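Report on one structure; see the data block that follows.
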Amino acid sequence: MNQEVVEAGRVNKADHLILFFLSCIPLLVSLFVVCAD
Amino acid sequence: MQTVTENTLAPISPSDRDAGFISLVLLWAGGNILLATFMVGSYYAEGLGLWPMVLISITANLFAYAVCAVSSQRGARYGLDEVVALRPAFGMKGAYYGAFVLIFINFGWIGLLSSMTGTAAVNASEVFLGESFSFSGNYTVYAVGGGLLIPMFLVMLTPKASFYLSTVTVPVLGGFSIYILFKIMNSEHMAAVSNFKPTGAVGIAFAVETCVVWAVAWQPYLGSWNKFASSERNAYWGTFIGLAVIGIIFAITGGIATLATGEIDPAVWAVKLELGLISMIIIILGTITTSSLLLYSGVMAFMSIFPKFNYKLTTAIVALPSLVFIYDAELQNLFGIILLFVGLLAGPYWAISIADYVFLRKGIINVKECYEEHGIYRFYNGFNVYAFAAQLSGMLLWLFLGGWLSGYSILSFGWGESAFSYISATVPSMLVAAGVYVTLVKVFQHRSERLVKSYE
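Sequence order for the protein chains is X and W.
Taking our numbering, the leading residue of the first sequence gets 1, the next gets one more, and so forth.
Taking our numbering, the leading residue of the second sequence gets 38, the next gets one more, and so forth.
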């Protein structure tokens with residue numbers, strides 16, 4: 001079994017940051033809106 | 038005879054990792070195009086009412102599928118199947134747990150999908166083709182044929198069947214799904230939907246729990262397909278976008294249809310809303326695509342425990358037990374049981390594997406050692422006891438918070454049920470399991486030679 005890693009196109013901090021803003025922030029905002037309603 | 042790498046658990050070589058971003062988006066979208074995904078929104082629609090249902094369906098699904106994106110990195114980076122990529126966290130034998138969970142969830146899923154296919158195809162064919170088209174044993178033909186036999190033979194033919202299928206089925210079925218949504222929104226039912234008074238029977242936490250558990254149910258399957266990804270980033274975004282877009286559209290459509298008709302079962306509301314023919318196409322094509330995707334992952338899981346079994350024989354072994362559920366399916370009960378099973382057994386387990394890869398190993402796995410029975414991932418007789426201690430902590434918390442969902446009084450705790458309405462069950466149990474695992478490893482790492490070795 002060789003250690004064959006594809007280094008091109010690795011996920012970096014920018015990807016994680018974009019995902020965070022796409023996922024956690026909308027849920028928090030919507031929970032706030034729905035609960036406040 | 039030549040052994041095809043994709044028919045074994047060996048890592049996929051970089052030259053064979055050819056699935057690009059679009060292929061992966063279509064693959065994961067195809068996986069999520071199934072009638073049961075409609076039921077996610079239906080499950081909480083009447084409790085929340087229209088707009089909260091729409092808002093939570095969008096945001097909770099985005100949140101839940103983000104976890105899938107993070108988890109998709111291991112398989113894609115090293116070309117490793119999910120059940121192999123679990124070995125660094127749980128040990129060579131500890132990873133069997135994940136394989137068993139996958140295999141048993143698979144029986145339920147494929148049984149559920151086949152059962153829905155049978156019911157929906159019988160309903161739709163009678164409405165659109167007339168009673169005369171009905172024949173003795175038609176349910177069996179539709180359920181066993183569409184849900185079980187066709188996917189089984191396709192997977193036997195080529196493991197990549199789901200990639201080929203999804204390029205055809207997803208554009209067609211995705212288009213139909215959007216059409217269904219617009220048709221319902223432009224129908225006379227919409228006035229009743231807008232004025233629907235929420236029953237309050239279930240709350241926001243229940244809705245978030247349903248979306249999260251549905252996404253967690255995909256965790257065991259991620260590595261089996263993302264190992265074919267041409268890059269880690271393609272797998273990361275392909276998984277997220279493919280699963281989330283369909284998850285959101287289907288949850289909203291299912292939710293609105295339930296508010297319009299009062300029915301949760303898509304096979305029933307599709308006929309009431311005169312969507313029989315389109316729903317029949319979605320059911321049959323969607324089931325074949327999804328069942329093929331699920332089956333291949335199940336085959337890999339089985340072969341991780343019994344590596345000497347023949348690939349085609351294993352496919353039959355993994356597919357055929359689902360027959361039990363085809364004839365014993367109280368649909369909503371089966372859906373509920375699968376969700377419970379996933380939240381309790383899979384949530385904390387995969388949270389630990391993600392924490393191990395991201396926080397402790399910093400994305401570095403020794404591929405060769407993943408296949409060494411007596412190598413560095415052996416830990417204690419094949420099990421990483423710290424991972425299982427953390428798993429136990431997550432499961433206990435889940436039982437405390439969500440045990441009441443089972444309906445058994447022995448698993449119902451008043452304080453836990455009250456806390457559930459604020460924090461749900463699966464997310465906190467995943468966070469606790471991951472946190473306990475990282476803490477245990479940090480504390481004991483320098484006292485245990487086996488742990489030190491595994492992180493070298």
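Cβ atoms here follow ideal geometry from the backbone N, Cα and C, with glycine treated the same way.
Remember, predicted model here, so these are calculated numbers, not experimental data.
- By the 16-neighbour rule on beta-carbons within 10 angstroms, F343/W is exposed.
- For F100/W, the neighbours in chain X by C-beta distance under 8 Å run, in chain order, S23, C24, P26, L27.
- Contact of A14/X with chain W by beta-carbon distance below 8 Å is absent, the smallest such distance being about 10 Å.
- Contact with chain W is found for L19/X, since one of that chain's Cβ atoms lies less than 8 Å from the residue's Cβ.
- DSSP, reduced to helix, strand and coil, places Y414/W outside both helices and strands of the structure shown, so it counts as coil.
- The beta-carbon separation of G384/W and G431/W, rounded to 7 Å, stays under the 8 Å limit for a contact.
- Beta-bridge analysis with DSSP links F420/W to Y417/W.
- Look at N232/W: its C-beta is not under 8 Å from any C-beta on chain X.
- Using a 10 angstroms sphere on the CB of P208/W, the tally of other CB atoms stays under 16, which defines it as exposed.
- DSSP, read as helix, strand or coil, puts A56/W in strand.
- Out of Y115/W, A427/W, F457/W, S79/W, the CA that lies nearest to the CA of S267/W is found in Y115/W.
- Rounded to whole angstroms, the gap between the alpha carbons of L46/W and S173/W is 42 Å.
- Beta-bridge partners of A252/W (DSSP): none assigned.
- Comparing C-alpha distances from P89/W to each of V138/W, T236/W, W387/W, G299/W shows the shortest one belongs to T236/W.
- Annotation: V230/W to Y423/W spans about 50 Å, alpha carbon to alpha carbon.
- According to the DSSP assignment, W441/W belongs to no alpha helix (DSSP H), since it is labelled neither H nor E.
- Segment contact: the segment 348 to 366 of chain W against the segment 178 to 196 of chain W, three or more CB-CB distances shorter than 8 Å; contact assigned.
- Among the CB atoms of chain W, one or more fall inside 8 Å of the CB of A8/X.
- Taking C-alpha positions only, G131/W is separated from A471/W by approximately 16 Å.
- Per the C-alpha coordinates, the member of N44/W, L332/W, A113/W positioned closest to F58/W is A113/W.
- Interface criterion not met: the Cβ of Y134/W is under 8 Å from no Cβ in chain X.
- Residues L63 of the same chain have their beta carbon placed closer than 6 Å to that of T204/W, with the five preceding and five following residues left out of the count.
- Relative to L322/W, the option among A66/W, D302/W, F420/W, V245/W whose CA is nearest is A66/W.
- Rounded to the nearest angstrom, the Cβ distance from I93/W to I241/W is 6 Å, consistent with a contact under 8 Å.
- Rounded to whole angstroms, the gap between the alpha carbons of F425/W and F127/W is 7 Å.
- Taking CB atoms only, F277/W has a neighbour in chain X less than 8 Å away.
- Distance check between G84/W and each of L434/W, G453/W, T195/W, I301/W places I301/W closest, using alpha-carbon atoms only.
- Counting only the Cα atoms, Y134/W lies some 15 Å from D118/W.
- For A266/W, the beta-bridge partners assigned by DSSP are A56/W.
- Beta-carbon to beta-carbon, F277/W and L19/X are separated by about 7 Å, close enough to satisfy the 8 Å threshold.
- Put simply, the backbone Cα of V77/W is about 12 Å away from that of I375/W.
- Close partners of S268/W in chain X (Cβ separation under 8 Å): V6, A8, G9, R10.
- Inter-residue distance for L280/W and L194/W is about 26 Å (C-alpha atoms, whole angstroms).
- The residues S109, G112, A113, A272, in chain order, have a CB closer than 6 Å to that of N263/W in the same chain once the five nearest residues on each side in sequence are set aside.
- Here the C-alpha atom of D37/X lies approximately 16 Å from the C-alpha atom of Y459/W.
- For chain X, none of the residues of the segment 416 to 449 of chain W brings a beta carbon within less than 9 Å of one of its beta carbons.
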